[in-house]
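Here is the structure we will look at, set down as structure tokens.
So this is what it looks like as structure tokens:
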């Protein structure tokens, strides 16, 4: 029975490279090329799931500063005065539409 031992070599090499990089970072040497040395595979790619992509997009939107202050003030005034009416059918329809759109 022949056992391929190349995996152990690449792990050991990666560990040595990581230690060298850590030493360089602690000493103040910051070389971008050092990060490239840590990769044992040149073509490593990551593909995010559709859910992760949607979450990332929602997170970006939530962190953006695109709040319409005038609209918020207007709605707050209507709520405070008890004049803001919720159309429950419209809310339900929108929730269903959003759910169906995400499922596609």
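Residue numbers (this note's numbering): 2 to 105. From the three backbone atoms N, C-alpha and C, an ideal C-beta is built for every residue, glycine too.
Local conformation of residue i per DSSP, three classes
i	result
residue 87	coil
residue 70	helix
residue 58	helix
residue 82	coil
residue 24	helix
residue 116	As shown, the chain starts at 2 and ends at 105. That puts residue 116 outside it, with no answer to give.
residue 50	coil
residue 64	helix
Sequence-distant residues of its chain with Cβ nearer than 8 angstroms to residue i (five each side left out)
i	result
residue 23	none
residue 79	85
Rounded straight-line distance, which links the Cα of residue j to that of residue i
i	j	result
residue 74	residue 82	12 angstroms
residue 57	residue 15	30 angstroms
residue 65	residue 13	43 angstroms
residue 59	residue 95	17 angstroms
residue 84	residue 70	19 angstroms
residue 77	residue 63	20 angstroms
residue 61	residue 51	15 angstroms
residue 100	residue 55	12 angstroms
residue 18	residue 25	11 angstroms
residue 20	residue 104	45 angstroms
residue 67	residue 46	33 angstroms
Check: residue i C-beta below 7 angstroms from any heavy atom of the ligand SAM
i	result
residue 51	The ligand content of the structure shown is nil, which means the ligand SAM is not present either.
Contacting residues, own chain, Cβ-Cβ under 7 angstroms from residue i (five flanking each side not counted)
i	result
residue 90	none
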